[in-house]
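Chemist: In full-length UniProt numbering, the protein residues as written are 1 to 309.
Please read through the structure below; I'll follow up with questions.
Written as structure tokens, this is what we have:
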């Protein structure tokens, strides 16, 4: 029997890649993100991949009160239930904490942490009624370690991890309800090119780079066989070891390593990226970081330079 899967953050990166995989399995999909035009593209892709029922696209901004509940209502109205809810919607802002505008920092936290909380609240109310369901939150290794210049994102991912732990404790009476975290390291998605920056340069995913398809496969396996925490990438345990066991060494090295491997060479003026509004022109499964830009064209749907709407 096919499942009903809601994907928030379906327009780009891991969410879009996972939607393709769920569709290929014959699952029925409810796709959500901020940009209607991009959602229409993903809906068509999922239909071509084999979604049993044509995927439903519901433009949704998780920071808007009532929007997540309206999304759940649309899913239930169309398919009668929700079996799996994957949440990957996120935005990023680069900069020293004191130099990132207050409203930008707060919007990152509002999207990445409070948006996840809104999704969890709505999903778990539905799952408790049915006594079954899988909530998968797209987390990050930055929910377990820290790095400079990403204060809003790191704050949100640490808060998300704490929230997930509380939710598991509160739902121990329902063994059929699962709260899962999928935590990759750096992934080749457009989110880094779409990020806000107040450093004078753009951001980039730190190596070793993961393909979003690999993370999406981990998501689908988690939906099949739920696990509390699914790390993706061999570097994660190395980072956690250094952060926990050698904190002085870690804090000495993480700044230079971030500046060398986590920031791009592109010079950019201060901008708010997609923190407040989507940029459909930059949304795709991959960000093009894994391909040598000097002699290969970027994959379709990506741009070598940030295009801010």
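Glycine included, C-beta positions come from ideal geometry on N, C-alpha and C.
#1: Got a sec? Which residues, its chain only, sit under 7 Å from residue 276 by beta carbon, not counting five neighbours each side?
#2: Distance check for residue 173 and residue 80, CA to CA, integer angstroms please.
#3: Runs of 4 residues minimum, wholly inside the region 89-122: which ones carry the alpha helix (DSSP H) assignment?
#4: Count the other CB atoms within 10 Å of the CB of residue 167; is the residue buried (16 or more) or exposed (fewer)?
#5: Name the residue from 193, 284, 40, 189 whose alpha carbon lies nearest to the alpha carbon of residue 93.
#6: Counting C-beta neighbours from all protein chains within 10 Å, is the total for residue 144 16 or more, i.e. buried, or is it exposed?
#7: Please report the Cβ distance between residue 230 and residue 181, rounded to the nearest whole angstrom; I am assuming they are in contact, meaning their Cβ atoms lie under 8 Å.
#8: Going along the chain, which residues of its own chain have a beta-carbon closer than 8 Å to the beta-carbon of residue 188, five neighbours each way excluded?
#9: Under 8 Å: do the region 36-56 and the region 18-25 share three or more Cβ pairs, one atom per stretch?
#10: How many Å lie between residue 123 and residue 135 at the Cα?
#11: CA-CA distance, residue 196 and residue 98?
#12: How is the alpha helix (DSSP H) around residue 151 delimited, first residue to last?
#13: Put residue 199 into one of helix, strand or coil per three-state DSSP.
#14: Please classify residue 112 as buried or exposed, where buried requires at least 16 other C-beta atoms within 10 Å of its C-beta.
#15: Beta-carbon separation of residue 223 and residue 232 under 9 Å?
#16: Going by Cα to Cα distance, which pick from 148, 280, 284, 282 is closest to residue 261?
#17: So is residue 78 buried or exposed if we call it buried at 16+ other beta carbons inside 10 Å?
#18: In this structure, what does DSSP give as the bridge partners for residue 87?
#19: In three-state terms, what does DSSP make of residue 308?
#20: Expressed to the nearest angstrom, what Euclidean distance is found between the alpha-carbon atoms of residue 25 and residue 7?
#21: Do residue 183 and residue 109 have their C-beta atoms within less than 9 Å of each other?
#22: From the DSSP secondary-structure annotation, give me the bridge partner or partners of residue 184.
#23: In chain order, what residues of the same chain lie with their CB nearer than 7 Å to the CB of residue 190, ignoring the 5 residues before and after it?
#24: Name, in chain order, the residues that DSSP records as bridge partners for residue 210.
#25: Quick check on residue 151: buried or exposed, where buried means 16 or more other Cβ atoms within 10 Å of its Cβ?
#26: For residue 161, which option in 178, 170, 138 has the closest C-alpha, if you only look at C-alpha atoms?
#27: Suppose you measure from the CA of residue 215 to the CA of residue 101; what does that come to, to the nearest Å?
#28: So, for residue 234: in the same chain, excluding its five sequence neighbours on each side, which residues have a beta-carbon less than 8 Å away from its beta-carbon?
#29: In the DSSP assignment, what residue or residues form a beta bridge with residue 57?
#30: So the candidates are 198, 23, 199, 9; which of them puts its Cα closest to the Cα of residue 36?
#31: Output the distance between the C-alpha atoms of residue 105 and residue 249, rounded to the nearest integer angstrom.
#32: Go ahead and label residue 27 buried or exposed: buried means 16 or more other beta carbons lie within 10 angstroms of its beta carbon, across all protein chains shown.
Modeler: In brief:
#1: Answer for residue 276: 107, listed in chain order.
#2: Approximately 24 Å between the Cα atoms of the pair.
#3: Along the region 89-122, the alpha helix (DSSP H) occurs as fully enclosed runs of 4 or more residues at 102-109, listed in sequence order.
#4: Buried: at least 16 other Cβ atoms inside 10 Å.
#5: Ranked by Cα distance from residue 93, the options 193, 284, 40, 189 are led by 193.
#6: By the 10 Å Cβ count, residue 144 comes out buried.
#7: Right, their Cβ atoms sit about 7 Å apart.
#8: Sequence-distant Cβ neighbours of residue 188 in its own chain, meaning closer than 8 Å and more than five residues away, are 205, 209, 210, 211, 212, 286, 287, 288, 289, 290.
#9: Look at the beta carbons and you see the region 36-56 touching the region 18-25: at least three pairs across the two are nearer than 8 Å.
#10: The alpha-carbon of residue 123 is positioned some 7 Å away from that of residue 135.
#11: Approximately 15 Å, taken between the alpha carbons.
#12: Counting along the chain, the alpha helix (DSSP H) containing residue 151 begins and ends at 151-170.
#13: Coil at residue 199, not helix or strand.
#14: Residue 112 is buried by the Cβ-count criterion.
#15: In this structure, residue 232 does not lie closer than 9 Å to residue 223 by Cβ.
#16: Measuring from the Cα of residue 261, the nearest candidate turns out to be 148.
#17: Its Cβ having fewer than 16 others within 10 Å, residue 78 is exposed.
#18: Bridge partners of residue 87 according to DSSP: 8, 137.
#19: Note that residue 308 scores 29 on pLDDT, short of 50, meaning its location in the model is unreliable; the coordinates nonetheless yield the value given after this. In the three-state reduction of the DSSP assignment, residue 308 falls in the coil class.
#20: Within the model, the alpha-carbon separation for residue 25 versus residue 7 is close to 15 Å.
#21: In terms of Cβ geometry, residue 183 and residue 109 do not form a close pair [threshold 9 Å].
#22: In the DSSP assignment, residue 184 forms a beta bridge with 232.
#23: Shown here for residue 190: same chain residues with a beta carbon closer than 7 Å to its own, the five before and five after excluded, namely 12, 13, 282, 283, 284, 287, 302 in chain order.
#24: Answer is 187, bridged to residue 210.
#25: With 16 or more other CB atoms across the displayed protein chains lying within 10 angstroms of its CB, residue 151 is buried.
#26: The shortest C-alpha separation from residue 161 is found at 138.
#27: The alpha-carbon atoms of residue 215 and residue 101 are separated by roughly 32 Å.
#28: Only residues of its own chain outside the window of five on either side were considered, and among them 208 have a CB closer than 8 Å to the CB of residue 234, listed in chain order.
#29: For residue 57, which the question treats as bridged, DSSP gives the partners 31.
#30: Closest by alpha carbon: 9.
#31: A direct Cα-Cα distance of roughly 28 Å separates residue 105 from residue 249.
#32: Residue 27 comes out buried.
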